[in-house]
Structures are given as structure tokens and as C-alpha cells.
Amino acid sequence: PLVTKDLNKAGIACELNLVEGSMSVKTTRKAWDPYAILKARDLIKLLSRSVPVQQALKVMADDVHCDIIKISGFVRNKDR
Numbered sequence: 099p100l101v102t103k104d105l106n107k108a109g110i111a112c113e114l115n116l117v118e119g120s121m122s123v124k125t126t127r128k129a130w131d132p133y134a135i136l137k138a139r140d141l142i143k144l145l146s147r148s149v150p151v152q153q154a155l156k157v158m159a160d161d162v163h164c165d166i167i168k169i170s171g172f173v174r175n176k177d178r
């Protein structure tokens, strides 16, 4: 409910499918920010990586961005 309510403010509709374990977002006619759908995609990525909901919702603000950096290529040995 928290995610749905915050996305509705930006004009984004979201559907949570508990059977498949997926979440989809789409724009509505009330969507005024064209970049909001990309921010919603980043929000889903953060939620899938177990970021707390309140922290993940900050990515919907205009001055906040997120980058997910995969460090598997930087690590020399996985055993350590």
C-alpha cells in the first residue's frame, strides 16, 4: 500500500502479482512527469534488492538517483 500510494501521486499505476512474484508499473493519464516511469523501474530494482521501503521511495524525488554497481568483476577471489 505504501508503494502504490506514492506511485499514484506521480501518476503511475502498479500491479503486484504475488503468485508470480512480479511487480509491473505503467503510466496513467494523470502522469505529468515523463521520467517517472524510469524512477518507478529503479524503485522496483531497489525493492528487489531488499532496500527498506522508506529508503527506496526516496528515489522518486527529483534530486535523488540510484545506481546499482555490480562488484563481482572487481573481486579477485570469491572464497575470501
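Position one of the sequence shown corresponds to residue 99 (our numbering), numbered consecutively onward.
The beta carbon of each residue, even a glycine, is placed where N, CA and C say it ideally should be.
For this session: Return the first residue and the last residue of the beta strand (DSSP E) that V157 is part of.
Result: Neither: V157 is in no beta strand (DSSP E) and is coded neither H nor E.
Problem set entry | Per DSSP, cross-strand counterpart(s) of C164 | The partner list for C164 (beta bridge, DSSP) is empty, contrary to what the question assumes.
Problem set entry | Cβ-based neighbour list, K156, same chain, cut-off 7 Å, excluding 5 preceding and 5 following | V162
For this session: Express the C-alpha separation of S146 and D104 in angstroms, rounding to a whole number.
Result: 17 Å
Problem set entry | C-beta contact flag for A134 and I110 at 7 Å | yes
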